[in-house]
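Q: Pasting a structure below so you can have a look.
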Amino acid sequence: MSFFSTRPRDTPADASELTAEIDPLHSWVTESMFAVDTCELSLPNIEPVALPIRLPKLTTQVRGFQFPDAARWIPPKSSTPDQAGAATEAKKKRKSDPNRKHNRIKPPSDIVKLQDRLYYLLQPPLDLLVGSGQLNFPFEPFPYQLDGMAFLFPRYAGILADEMGLGKTMQAISTIRLLLCSGEVRSVLLVCPKPLVTNWLREFSVWAPEIPIAAIEGSSAKREFQWRSPQVPVKVANYELLMRDQSILTDDSMHFDLVVLDEAQRIKNRSSTTSTVVRSIPRTRSWALTGTPVENCPDDLVGIFEFLSPGYLKPGMPMPQIAKHAGDYILRRTKDMVLDDMPPKLYRDAELDLTPEQWSTYEAAEKEGVLYLENLEQSLTIQHVFELVLRLKQICNFDPVTGSSAKLERLVADVEEVAASGKKAIVFSQWVKSLDKIRDALEPFGPLEYHGKIPQKKRNTVIDRFKNDPDSHVILMSYGAGSVGLNLQFCEYVFLFDRWWNPAIEDQAINRAHRLGAAGAVTVTKMMAMNTIEQRINDVLDQKREMFDALFSSSETPTRNVGLSREEIFGLFDLRAPCGKKVA
Amino acid sequence: MTVKVNAGRKPKSTGAVTTDSPASFLAIETPQTSQFLFAVSERMPDNLPKKNEATIGYFTVVNDERTGWTGGLLVLDRAGRPLEFQCTLPVRPTRAHEILFGPTLRSHLVAQVIGKLLLSKCRTPLSLICCDLPEGLKVESFTKSPVTLVLEATSQDRHPISADSISGSETVSIAGATFLVAMERHAELEAIADFYNDLPDAVEPFERIREAVKEAHSQLSRQNSEAA
Numbered sequence: 006m007s008f009f010s011t012r013p014r015d016t017p018a019d020a021s022e023l024t025a026e027i028d029p030l031h032s033w034v035t036e037s038m039f040a041v042d043t044c045e046l047s048l049p050n051i052e053p054v055a056l057p058i059r060l061p062k063l064t065t066q067v068r069g070f071q072f073p074d075a076a077r078w079i080p081p082k083s084s085t086p087d088q089a090g091a092a093t094e095a096k097k098k099r100k101s102d103p104n105r106k107h108n109r110i111k112p113p114s115d116i117v118k119l120q121d122r123l124y125y126l127l128q129p130p131l132d133l134l135v136g137s138g139q140l141n142f143p144f145e146p147f148p149y150q151l152d153g154m155a156f157l158f159p160r161y162a163g164i165l166a167d168e169m170g171l172g173k174t175m176q177a178i179s180t181i182r183l184l185l186c187s188g189e190v191r192s193v194l195l196v197c198p199k200p201l202v203t204n205w206l207r208e209f210s211v212w213a214p215e216i217p218i219a220a221i222e223g224s225s226a227k228r229e230f231q232w233r234s235p236q237v238p239v240k241v242a243n244y245e246l247l248m249r250d251q252s253i254l255t256d257d258s259m260h261f262d263l264v265v266l267d268e269a270q271r272i273k274n275r276s277s278t279t280s281t282v283v284r285s286i287p288r289t290r291s292w293a294l295t296g297t298p299v300e301n302c303p304d305d306l307v308g309i310f311e312f313l314s315p316g317y318l319k320p321g322m323p324m325p326q327i328a329k330h331a332g333d334y335i336l337r338r339t340k341d342m343v344l345d346d347m348p349p350k351l352y353r354d355a356e357l358d359l360t361p362e363q364w365s366t367y368e369a370a371e372k373e374g375v376l377y378l379e380n381l382e383q384s385l386t387i388q389h390v391f392e393l394v395l396r397l398k399q400i401c402n403f404d405p406v407t408g409s410s411a412k413l414e415r416l417v418a419d420v421e422e423v424a425a426s427g428k429k430a431i432v433f434s435q436w437v438k439s440l441d442k443i444r445d446a447l448e449p450f451g452p453l454e455y456h457g458k459i460p461q462k463k464r465n466t467v468i469d470r471f472k473n474d475p476d477s478h479v480i481l482m483s484y485g486a487g488s489v490g491l492n493l494q495f496c497e498y499v500f501l502f503d504r505w506w507n508p509a510i511e512d513q514a515i516n517r518a519h520r521l522g523a524a525g526a527v528t529v530t531k532m533m534a535m536n537t538i539e540q541r542i543n544d545v546l547d548q549k550r551e552m553f554d555a556l557f558s559s560s561e562t563p564t565r566n567v568g569l570s571r572e573e574i575f576g577l578f579d580l581r582a583p584c585g586k587k588v589a
Numbered sequence: 049m050t051v052k053v054n055a056g057r058k059p060k061s062t063g064a065v066t067t068d069s070p071a072s073f074l075a076i077e078t079p080q081t082s083q084f085l086f087a088v089s090e091r092m093p094d095n096l097p098k099k100n101e102a103t104i105g106y107f108t109v110v111n112d113e114r115t116g117w118t119g120g121l122l123v124l125d126r127a128g129r130p131l132e133f134q135c136t137l138p139v140r141p142t143r144a145h146e147i148l149f150g151p152t153l154r155s156h157l158v159a160q161v162i163g164k165l166l167l168s169k170c171r172t173p174l175s176l177i178c179c180d181l182p183e184g185l186k187v188e189s190f191t192k193s194p195v196t197l198v199l200e201a202t203s204q205d206r207h208p209i210s211a212d213s214i215s216g217s218e219t220v221s222i223a224g225a226t227f228l229v230a231m232e233r234h235a236e237l238e239a240i241a242d243f244y245n246d247l248p249d250a251v252e253p254f255e256r257i258r259e260a261v262k263e264a265h266s267q268l269s270r271q272n273s274e275a276a
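In order, the protein sequences belong to chains C and X. In short: position in the first sequence from 1, add 5, done, that's the numbering used here. In short: position in the second sequence from 1, add 48, done, that's the numbering used here.
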């Protein structure tokens with residue numbers, strides 16, 4: 006018990022100074038109540054336990070692949086100083102662009118072995134080979150064309166089904182060139198419609214000049230020799246000829262590493278003789294080129310697959326199933342899809358050789374005509390030369406005796422493809438007579454006419470019908486009537502059956518189809534008979550165009566008035582203008 | 049009449065395939081101090097490769113969360129054509145590895161586990177090795193060839209790393225790209241740089257390795273699912 010002594014509070018202010026003290030005399034503590042003692046407790050030692058955590062060794066396995074043949078599939082470098090210089094320039098300029106999309110060779114799904122798949126995957130992309138100057142082309146291919154080559158290269162069965170005008174021929178030739186250079190194929194057979202044989206030969210001379218090629222033609226004995234000749238790695242034959250030479254083709258000793266069918270829709274009917282013969286050709290790789298793999302029904306595709314991979318597709322298969330199965334085998338691009346890659350106007354020069362009948366008439370007429378002009382001496386006028394030029398150009402269109410025409414054969418083949426794709430085309434000629442003959446040949450494609458002989462009041466009806474009639478795929482126009490004041494921008498194809506003197510007039514004609522608001526890119530096919538007056542005129546115009554472009558490259562003038570001068574017209578026949586010097 | 053149709057639809061084999069057993073494992077060790085910290089006098093070996101025989105080995109490691117770490121070594125000739133490809137099976141470090149190796153795990157996997165094994169299995173003599181990962185430079189301990197880092201192929205925060213971020217190194221320009229090499233091997237690399245003038249692109253081959261690794265993985269998973 007404790008007692009507190011307090012001092013008496015005088016005032017309320019003194020209360021804050023209140024203090025308390027313990028009085029030891031009247032207090033007690035615990036020690037006075039309990040006895041204090043110590044006791045001892047023993048604790049066990051703490052023994053730490055080590056728990057081992059095993060860290061497994063990080064190991065792996067390796068798979069190795071070697072590609073001994075890889076270094077050899079580049080075509081020989083060009084020795085021309087221009088191209089060599091360009092290659093060096095390309096090397097200097099190159100710079101890696103991480104965002105650039107490369108044109109890689111990708112293995113198709115039917116190549117299963119990892120070794121083989123990696124062989125293709127690990128090749129350098131084609132665009133880089135072109136960019137570094139290792140892979141040379143006469144003209145730089147568009148990126149989509151490199152994709153086409155990358156598609157075909159590894160394929161043992163494939164369809165290149167690009168829309169007409171995108172360069173299926175060039176893509177096939179360039180890939181064949183790569184395959185031949187790599188030693189992956191040694192013998193190639195190209196099968197195409199007869200009018201296209203010379204075109205293939207010419208395209209080969211442009212895109213693969215170092216590859217020997219021959220067209221199978223001539224007598225039966227000559228053809229047999231050609232078929233069996235190992236000297237020529239690439240042979241070109243037309244469909245009709247295959248039927249005649251079937252016994253040679255199916256001979257045990259005959260084998261092709263690659264057979265390419267151009268216009269492969271010809272074998273869509275599986276039971277046709279053409280299809281049977283083509284399928285019987287012994288071969289390792291099979292490619293089909295066609296702008297219209299399906300014309301009427303999905304079974305068309307089954308017909309083509311019977312050539313590529315027999316039994317892979319079956320008639321009557323549901324559409325989704327066909328699409329799923331065939332997907333990896335087909336590459337199809339339309340102009341719309343590759344519009345960024347290509348110019349909105351795509352020019353194709355159809356350089357054709359006259360038929361033998363045309364050629365003999367042409368040679369006689371030129372010889373006779375030049376002699377006549379020379380004999381005129383001082384009375385020679387430009388009008389005389391014009392007359393000869395026009396006469397020769399008419400022969401280039403049609404042989405006046407037999408009616409034979411290399412241009413018409415080609416035109417029919419091309420319009421067939423245009424019509425099969427549901428597209429429309431304009432054909433220009435300067436002569437109504439030529440248009441008449443063309444009309445007869447194009448009858449199956451619903452040709453309409455629009456030229457000077459069509460009365461003015463009927464012309465609008467013709468245009469309306471051409472626009473609206475789905476069966477009318479082609480309109481025939483003369484340069485004069487069809488070149489101004491018409492908008493036919495729904496047409497994607499323009500054929501210049503013969504050439505006008507002045508490119509400005511041709512440009513006007515082409516622009517009927519290629520206008521603002523055009524549905525897509527326009528493909529312009531300029532038909533030209535090689536080694537004739539047409540080629541000479543074209544060469545002069547090309548020279549003038551180049552000169553014009555060099556002088557006024559910054560000018561954006563759409564049409565250039567670069568027609569032939571008086572001297573140039575005389576110069577076409579190496580004639581001396583009466584009042585001037587000789588023009589070479 | 050015998051008709052041969054598509055007789056050889058499958059392509060002929062393009063080379064030899066080798067499958068190797070697991071390599072012996074190195075004891076776990078701390079990463080070595082970067083060799084590039086020490087300036088060593090440049091040396092020029094007498095046995096430089098001949099131009100026509102010059103090769104270039106591209107080495108990279110792909111890390112995929114699902115499959116793990118896979119390494120690829122692509123050997124090209126001087127024109128960029130594939131001669132050989134070596135590819136590891138994926139390595140999957142455990143959580144224990146991640147904890148105990150800490151930040152050194154990546155370097156250990158790239159150089160000592162994957163890089164070393166790939167180089168030991170490569171059959172083609174390599175004139176030059178290049179990588180796109182800074183850790184890859186450490187494979188120099190396992191090869192006599194100069195090991196380089198292709199700066200344009202590297203990525204740090206979506207940008208190539210800079211040449212001065214690795215000390216003790218110098219750069220050489222090859223086929224339009226910047227190759228970083230230890231300064232003691234600089235003269236050696238300079239001497240062979242011109243051999244690779246025909247190389248179409250010095251960065252793109254890393255992409256090929258990644259594509260090939262993807263292809264190998266997809267085939268592996270296909271085989272596994274078929275087996276299951």
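Virtual Cβ for every residue (Gly too), placed ideally from N, Cα, C. These numbers were taken from a predicted model, which means no experiment stands behind them.
Give the secondary structure of R353(C) by DSSP, where H, G and I count as helix, E and B as strand, and everything else as coil.
A: strand
Q: Assign D257(C) to one of three DSSP states: helix, strand, or coil.
A: D257(C) carries a coil assignment under DSSP once its states are collapsed to helix, strand and coil.
Q: Would you say L63(C) lies against chain X (beta-carbon separation less than 7 Å)?
A: Closer than 7 Å: yes.
Q: Please list the partners that V183(X) has in chain C, where partner means a Cβ-to-Cβ separation under 8 Å.
A: Note that residue 183(X) is Glu in the sequence shown, not Val. The contacting residues do not exist; E183(X) stays about 14 Å from chain C at best.
Q: Mind pulling the alpha helix (DSSP H) runs of 4 or more residues that sit fully within the stretch 101 to 157 of chain C?
A: Within the stretch 101 to 157 of chain C, the complete alpha helix (DSSP H) segments at least 4 residues long are 119 to 126, 131 to 136, 148 to 157, listed from N- to C-terminus.
Q: From the DSSP secondary-structure annotation, give me the bridge partner or partners of W232(C).
A: In DSSP, W232(C) forms no bridge with anything.
Q: Start and end of the beta strand (DSSP E) containing K240(C)?
A: 239 to 243
Q: Buried or exposed: where does V173(C) fall if 16 or more other Cβ atoms within 10 Å of its Cβ makes it buried?
A: The sequence shown places Lys at residue 173(C), not Val. K173(C) is buried by the Cβ-count criterion.
Q: DSSP state of E218(X), grouped into three classes?
A: strand
Q: Any beta carbon of chain C sitting closer than 7 Å to that of D249(X)?
A: yes
Q: I'd like the span of the alpha helix (DSSP H) that includes D250(C), first residue to last.
A: Taken as a continuous stretch (DSSP letters only), D250(C) belongs to no alpha helix (DSSP H), as it is neither H nor E.
Q: Quick check on the DSSP output: what are the complete alpha helix (DSSP H) runs of length 4 or more inside the stretch 355 to 415 of chain C, in order along the chain?
A: 361 to 381, 387 to 402
Q: Between the beta-carbon of H456(C) and the beta-carbon of A430(C), is there less than 7 Å?
A: Not in contact: H456(C) and A430(C) (Cβ atoms no closer than 7 Å).
Q: Over what stretch of residues does the alpha helix (DSSP H) that includes R571(C) continue unbroken?
A: 571 to 576
Q: Which one or two residues does DSSP pair with Q270(C) in a beta bridge?
A: None; Q270(C) has no bridge partner.
Q: Per DSSP, what kind of secondary structure is L521(C) in: helix, strand or coil?
A: Because L521(C) sits at a pLDDT of 39, beneath the cut-off of 50, its placement in the model cannot be relied upon, and the point is left open.
Q: Please list the residues of the stretch 147 to 167 of chain X that have a C-beta atom closer than 7 Å to any C-beta atom in chain C, keeping them in chain order.
A: If the cut-off is 7 Å between Cβ atoms, the stretch 147 to 167 of chain X has L148, L157, V161, I162, L165, L166 near chain C.
Q: Bridge partners for T103(X) per DSSP, in chain order?
A: D125(X)
Q: Under 9 Å between beta-carbons, which chain X residues line up against G136(C)? List them in chain order, please.
A: P248, D249
Q: Between the alpha carbons of A235(X) and E218(X), how many angstroms are there, rounded?
A: Looking at the two C-alpha atoms, the distance is approximately 10 Å.
Q: Return the chain-ordered list of same chain residues with a C-beta closer than 6 Å to the C-beta of F209(C), the five sequence neighbours on each side being excluded.
A: I178, I218
Q: Exposed or buried, E263(X), counting other C-beta atoms within 10 Å across all chains shown (16 or more means buried)?
A: buried
Q: Rounded to the nearest angstrom, how far is the Cβ of V139(X) from that of I162(X), given a contact under 8 Å?
A: 7 Å
Q: Would you decide whether E183(X) is buried or exposed? Buried here means 16 or more other CB atoms lie within 10 Å of its CB.
A: That one is buried.
Q: Tell me the DSSP bridge mates of M482(C)?
A: F433(C), Y455(C)
Q: Contact between the stretch 216 to 231 of chain C and the stretch 241 to 255 of chain C is defined here as three or more beta-carbon pairs at a separation below 8 Å; is this criterion met?
A: yes
Q: List the endpoints of the continuous alpha helix (DSSP H) containing A166(C).
A: Per DSSP, A166(C) belongs to no alpha helix (DSSP H) and is neither H nor E.
Q: Between F243(X) and the rest of its own chain, which residues show a CB-CB distance below 6 Å, the 5 nearest in sequence each way excluded?
A: Correct list, in chain order: K99, A102, R126.
Q: With C-beta atoms as the reference, is E497(C) less than 7 Å away from K442(C)?
A: Annotated as distal: E497(C) and K442(C), with beta-carbon spacing of 7 Å or more.
Q: Please classify P508(C) as buried or exposed, where buried requires at least 16 other C-beta atoms within 10 Å of its C-beta.
A: P508(C) should be labelled buried.
Q: What in chain D is Cβ-close to P130(X), meaning under 7 Å?
A: Any reference to chain D falls outside this structure, whose protein chains are C and X.
Q: For V67(C), would you say it is in contact with chain X, using Cβ-to-Cβ distances shorter than 7 Å as the test?
A: yes
Q: Flag L165(C) as yes if its beta-carbon sits less than 7 Å from any beta-carbon of chain X, otherwise no.
A: no
Q: Have a look at D160(X) and K106(C) and give me their C-alpha separation to the nearest angstrom.
A: It is Gln, not Asp, that sits at residue 160(X) in the sequence shown. Taking the straight line from one Cα to the other gives about 34 Å.
Q: Note down, in chain order, every chain C residue with its Cβ under 9 Å from the Cβ of V139(X).
A: Listed along chain C are L63, T64, T65, each with a C-beta nearer than 9 Å to that of V139(X).
Q: Counting only C-beta atoms, is T196(X) closer than 7 Å to chain C at any point?
A: Put simply, the CB of T196(X) is far from chain C, with every gap to its CB atoms at 7 Å or more.
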